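Taking this note's numbering, the leading residue of the sequence shown gets 2, the next gets one more, and so forth. Just so you know, even glycine gets a beta-carbon here, dropped at the ideal spot from N, CA and C. Computed from a predicted structure; not experimentally measured.
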Amino acid sequence: MNYDIGCVGNMADFFKTYGVHTLHGRSIAVAMGEKLINPNLMVCVIAGDGGAYGEGLNHLIAAARANIDIKVFVSNNFLYSLTTGQTSPTTPKGARTKSTPLGNLNEPINIIELLKTINPNIFAKSVDAKNISEVTKRIKEALEFKGFAFVETLQECVAFGKQLKS
Ligand SMILES: Cc1ncc(C[n+]2csc(CCOP(=O)(O)OP(=O)(O)O)c2C)c(N)n1
Ligand SMILES: [Mg+2]
C-alpha cells in the first residue's frame, strides 16, 4: 500500500499493512517501481486529488497508458485540504478558496474522460463516497481487474468544503 501526502494519506497511520508514506504526488511512481520489482505483489495507492491530478498527474497518465497492474484509489474532495483549502485541478470554476479569493479561473478536469482517452482498456470509475455499496462494489472490481484500475470517491472536505458552496 502506498500513501500519498495529504489528509487522505494520513490513512497510513490507521491500516496495518505493508505501506510506504511517499511524497506528495509521487505515490503512483513508487507503486510502479514496486510492481516492476515484484510482479506478484498486489500494489495499491491511496491519494488525494491534489497529489494524483495536480503534482502527480504525469505519473497517473504514465501508469494508465502503460496499463501497469496497480490499483489507484483517489479521495477527491476538490481541494488541497491538508494545507488548508487551496484549489486543486477538480475545484469548480468560480469557487472562492484560500488561493482564489476572487474565484477560481480554471475549469475542473474530468479525470475519467482523461484516463479513458489515454487508455480505453483500463478500469476507471468515479463514485459518490456516500454510496457505500457502490464504493464497495467498485473497489472489489478494481482489485479483481487484471491491469491498471482506478476508483475515485467524491467527497466533501468537512473542514474546507464549505468554501465551494459560496
Ligand atoms: C512535494 C510537495 N509539495 C507540496 C507539499 C505540500 N502539501 C502537503 S499536502 C498538500 C495538498 C494535499 O491535497 P490532496 O492531495 O488533495 O489531499 P487532501 O489533503 O485533500 O486529502 C500539499 C500541497 C508537500 N508536502 N510536498
Ligand atoms: Mg484533496
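Cβ neighbour criterion (16 or more within 10 Å) applied to residue i
i           : result
residue 19  : exposed
residue 80  : buried
residue 116 : buried
residue 86  : buried
residue 34  : exposed
residue 88  : buried
CA nearest to the CA of residue i, picked from the options
i           : options              : result
residue 100 : 143, 115, 108 and 84 : 84
residue 3   : 14, 17 and 22        : 22
residue 92  : 43, 50 and 143       : 50
residue 24  : 89, 138 and 60       : 60
residue 16  : 26, 45 and 40        : 45
Close-in-space but distant-in-sequence residues of the same chain around residue i (CB under 8 Å, 5 per side omitted)
i           : result
residue 145 : none
residue 140 : 74 and 152
C-beta contact flag for residue i and residue j at 7 Å
i           : j           : result
residue 38  : residue 57  : no
residue 123 : residue 149 : yes
residue 158 : residue 78  : yes
residue 48  : residue 75  : yes
Spatial neighbours of residue i in its chain, beta-carbon cut-off 7 Å, leaving aside the 5 residues before and after
i           : result
residue 108 : 94
residue 130 : 136, 154, 155 and 156
6 Å Cβ shell around residue i - same chain, five flanking residues per side excluded
i          : result
residue 10 : 4
Any alpha helix (DSSP H) of 4 or more consecutive residues that is wholly inside the stretch 98 to 150: 112 to 119 and 133 to 145
Sequence ranges, alpha helix (DSSP H) only - wholly within the stretch 5 to 88, length at least 4: 28 to 38 and 58 to 66
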